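A.B. asks:
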Amino acid sequence: MVKCAVCNAEFENDRKLHAHLKAHKLRMVEYYQKYYPRHDKYDGKIIKFKNKKQYFETEFNSRTNLRMWLKNSPIEEAKQYCKDVLQKRKQEKELTYAPTQVELRTLIFPPIQYYNEIFSDYYALCRELGFKTKHNIPEEIVPDSQWESPEYEVLVDTREQRPLRFKNRNVKIMKLDYGDYAFSSSEASCKAFIERKAVGDFLATISGGYERFQREIERSVDDKANLIVIVEQKLSKILYFNQQRKKNTGGLVYGKVKATPEFIFHRVRSLCQQYPSIQFLFVDGKTESSRVIEKIFTSGCIHKKVDLQLAYDTKKL
Ligand SMILES: [Zn+2]
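Just so you know, we're using the numbering used here here: the sequence shown kicks off at 473 and counts up by one.
(1) Taking DSSP as the reference, what is the three-state secondary structure of R668?
(2) In whole angstroms, what separates the C-alpha of D593 from that of V693?
(3) Can you grab the Cα-Cα spacing for the pair T770 / K777, in whole Å?
(4) Could you tell me the alpha carbon to alpha carbon distance between Q686 and H496, rounded to whole angstroms?
(5) Counting Cβ pairs closer than 8 angstroms, one from the segment 535 to 546 and one from the segment 512 to 525, do we hit at least three?
(6) Taking DSSP as the reference, what is the three-state secondary structure of N523?
(7) Measure the beta-carbon distance from I702 to I750 and round it to whole angstroms, keeping in mind my assumption that it falls under 8 angstroms.
(8) DSSP has E482 in a bridge; who is on the other side?
(9) Would you tell me roughly how many angstroms separate the C-alpha atoms of V474 and F528, rounded to the nearest one?
(10) CB of N485 to nearest heavy atom of ligand 1: below 8 angstroms?
(11) With hydrogens ignored, establish whether the beta-carbon of V764 is closer than 8 angstroms to any heavy atom of ligand 1.
(12) Report the start-end ranges of each beta strand (DSSP E) in the segment 618 to 658 that is 3 residues or longer and not cut off at the edges.
(13) Excluding sequence positions up to five away, which residues of its chain have a Cβ less than 6 angstroms from the Cβ of I774?
(14) State the DSSP-derived secondary structure class of K506, mapped to helix, strand or coil.
(15) Are the beta-carbon atoms belonging to Q618 and A670 less than 9 angstroms from one another?
(16) When DSSP builds the beta bridges, which residues end up paired with H490?
(17) Just to confirm before moving on: does the CB-CB distance between F792 and A676 stay below 9 angstroms?
(18) Write down the C-beta distance between K562 and F532 rounded to the nearest angstrom, noting that I regard them as a contact closer than 8 angstroms.
(19) Do the CB positions of R637 and S762 come within less than 9 angstroms of each other?
(20) My output table needs one value for K604: the three-state DSSP class, helix, strand or coil.
(21) Can you give me the start and stop residues for the alpha helix (DSSP H) that V764 sits inside?
(22) From the DSSP output, in three-state form, read off T536 for me.
(23) Find the nearest neighbour of P583 within the set E667, I609 and E600, judged by alpha-carbon distance.
(24) For ligand 1, is there a heavy atom less than 8 angstroms away from the beta-carbon of H490?
(25) If you count every other CB in all the chains shown that lies within 10 Å of the CB of C479, and 16 or more means buried, which is it?
(26) Nearest CA to the CA of D756: which residue from E734, Q745 and L789?
(27) Mind checking P571: buried by the 16 CB within 10 Å criterion, or exposed?
(28) Would you mind stating whether L753 and Y784 have Cβ atoms separated by less than 9 angstroms?
(29) Return the CA-CA distance between Y650 and Y587, expressed in angstroms with no decimal places.
(30) Is it the case that the CB of V474 approaches a heavy atom of ligand 1 more closely than 8 angstroms?
(31) So L699 packs on I710, CB below 8 angstroms; how close in whole Å?
(32) Measuring only the C-alpha atoms, how far is E564 from V557?
(33) Which of helix, strand or coil does DSSP assign to I858?
Printed below as a string of structure tokens:
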């Protein structure tokens, strides 16, 4: 049973209460913000309302406010907060694996490098909280001299329309079972397959093409391959793709994609938890994508041990 905070009438569920709000000429946002005010921990402004669940779970209106609050709080308080949010999320979402950098950065959470700074080892903290960990803190990723030789080629799937070029090696077009790029020695690369996506393609895959994409992932899992999805736009920018579309800036038009960033990244986070062998990596454009692909392929099995987005963000990749 839920009670209307205005007139005390009781309702079976939220949906019925929400319908009743019309009687008070209140929209849902007005009702919650007026009768259950919640404020950003940093600047005290009212929490923006998207839906009830989000409203009651949100402590900060932006990542900037979270960052500023952490910066201005005593270290012990900051540590407690950072630990609590992880623990809470683990319980609520029944998470198995320590959240990856992409998972944290697509939520209003501190990034892994901040956890490393205040706890010295994010993964040790996660294990303490009962998570399984897939990765270690990345050292500088260095190509292995054994695999750097140009005799090793990059295999490109026949469906790849305009294949990337690589600085130090040739490409060979052939049919791949999944992904767009692979290394000619699958032993050297620990069966790394790279799916490269421009922004529009990524958004379409995660929305309308989702089921097909899941089947592709399943095939890679059956073969014990590691699928790395490289998206050619910075995470800080793609998080706001719908706003860019509205303003129509930078020539970014995403066709028929009606999905919101919340929807897209919710799915991305679920995939990260569901399939430990998949990683998402957002890089700054096509040239970066070519550089990073070659580096991943020639650096042995390092992609299995590190969070590639964290390595990229901290300039280790
Ligand atoms: Zn009422």
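Glycine included, every Cβ here is placed at the ideal spot set by N, Cα and C.
Keep in mind it's a predicted model, so treat the numbers as computed, not measured.
C.D. replies: In short, the structure shows the following:
(1) Translated into positions along the sequence shown, residue 668 becomes position 196. The answer is strand: DSSP assigns R668 an E or B state.
(2) What you label residue 593 is simply residue 121 of the sequence shown in a count that begins at 1. What you label residue 693 is simply residue 221 of the sequence shown in a count that begins at 1. Each residue's alpha carbon lies about 29 angstroms from the other.
(3) Sequence index remark: in the sequence shown, residue 770 carries index 298 (1-based). Sequence index remark: in the sequence shown, residue 777 carries index 305 (1-based). Rounded to whole angstroms, T770 to K777 spans 15 angstroms at the Cα level.
(4) To locate residue 686, count along the sequence shown from 1; it is residue 214. To locate residue 496, count along the sequence shown from 1; it is residue 24. Whole-angstrom Cα-Cα distance: 45 angstroms.
(5) yes
(6) In the sequence shown, residue 523 corresponds to position 51, counting from 1. The answer is coil: DSSP assigns N523 none of H, G, I, E or B.
(7) Along the sequence shown, one-based indexing puts residue 702 at 230. Along the sequence shown, one-based indexing puts residue 750 at 278. Actually they do not touch by this definition, with Cβ atoms about 12 angstroms apart.
(8) The residue you call residue 482 lines up with position 10 of the sequence shown. Note: E482 sits in a beta bridge opposite K475.
(9) Translated into the one-based positions of the sequence shown, residue 474 becomes position 2. Translated into the one-based positions of the sequence shown, residue 528 becomes position 56. The alpha-carbon atoms of V474 and F528 are separated by roughly 15 angstroms.
(10) Taking the first residue of the sequence shown as 1, we reach residue 485 at position 13. The answer is no for N485.
(11) Position 292 of the sequence shown, counted from the first residue, corresponds to residue 764. Checking every heavy atom of ligand 1 against the Cβ of V764, none is found closer than 8 angstroms.
(12) 626 to 629, 643 to 646 and 653 to 655
(13) On the sequence shown, position 302 is the one that residue 774 refers to. These residues qualify, in order along the chain: I613.
(14) Translated into the one-based positions of the sequence shown, residue 506 becomes position 34. Looking at K506 - three-state DSSP - the assignment turns out to be helix.
(15) The count along the sequence shown starts at 1 and reaches residue 618 at position 146. The count along the sequence shown starts at 1 and reaches residue 670 at position 198. The answer is no: Cβ separation not under 9 angstroms.
(16) Residue mapping note: residue 490 aligns to position 18 of the sequence shown, counting from 1. DSSP output for H490 lists no bridge partner at all.
(17) Absent from the model: residue 792. The displayed extent of the chain is 473 to 789, so no value can be given.
(18) On the sequence shown, position 90 is the one that residue 562 refers to. On the sequence shown, position 60 is the one that residue 532 refers to. Not really, about 19 angstroms apart at Cβ, beyond 8 angstroms.
(19) Here residue 637 refers to the residue found at position 165 when the sequence shown is read from its first residue. Here residue 762 refers to the residue found at position 290 when the sequence shown is read from its first residue. Yes, these two residues count as a Cβ contact at 9 angstroms.
(20) If you number the sequence shown from 1, residue 604 lands on position 132. Strand at K604.
(21) Counted from its first residue, the sequence shown places residue 764 at position 292. V764 -> alpha helix (DSSP H) spans K758 to T770.
(22) As a first step, residue 536 is located in the sequence shown; it is residue number 64 there, counting from the start. Three-state DSSP puts T536 in a helix.
(23) Here residue 583 refers to the residue found at position 111 when the sequence shown is read from its first residue. Among E667, I609 and E600, the Cα nearest to that of P583 is on I609.
(24) The residue labelled residue 490 in the question sits at position 18 within the sequence shown. Checking the Cβ of H490 against ligand 1 gives no.
(25) By 1-based counting over the sequence shown, the position of residue 479 is 7. Its Cβ having fewer than 16 others within 10 Å, C479 is exposed.
(26) Taking the sequence shown and counting its residues from 1, the one referred to as residue 756 is at position 284. Comparing Cα-Cα distances from D756 to each of E734, Q745 and L789, the minimum goes to L789.
(27) Here residue 571 refers to the residue found at position 99 of the sequence shown. By the neighbour-count rule (16 or more Cβ atoms within 10 Å), P571 is buried.
(28) To locate residue 753, count along the sequence shown from 1; it is residue 281. To locate residue 784, count along the sequence shown from 1; it is residue 312. It is a contact, given that the beta carbons lie within the stated cut-off.
(29) By 1-based counting over the sequence shown, the position of residue 650 is 178. By 1-based counting over the sequence shown, the position of residue 587 is 115. Cα-Cα distance, rounded: 34 angstroms.
(30) If you number the sequence shown from 1, residue 474 lands on position 2. It does not: the Cβ of V474 is nowhere closer than 8 angstroms to a heavy atom of ligand 1.
(31) Against the sequence shown, residue 699 aligns to sequence position 227. Against the sequence shown, residue 710 aligns to sequence position 238. So it is not a contact: roughly 19 angstroms between Cβ atoms.
(32) Stepping through the sequence shown from its first residue, residue 564 is reached at position 92. Stepping through the sequence shown from its first residue, residue 557 is reached at position 85. Roughly 10 angstroms separates the two Cα atoms.
(33) Limits of the chain in this structure are 473 at one end and 789 at the other, which puts residue 858 out of reach.
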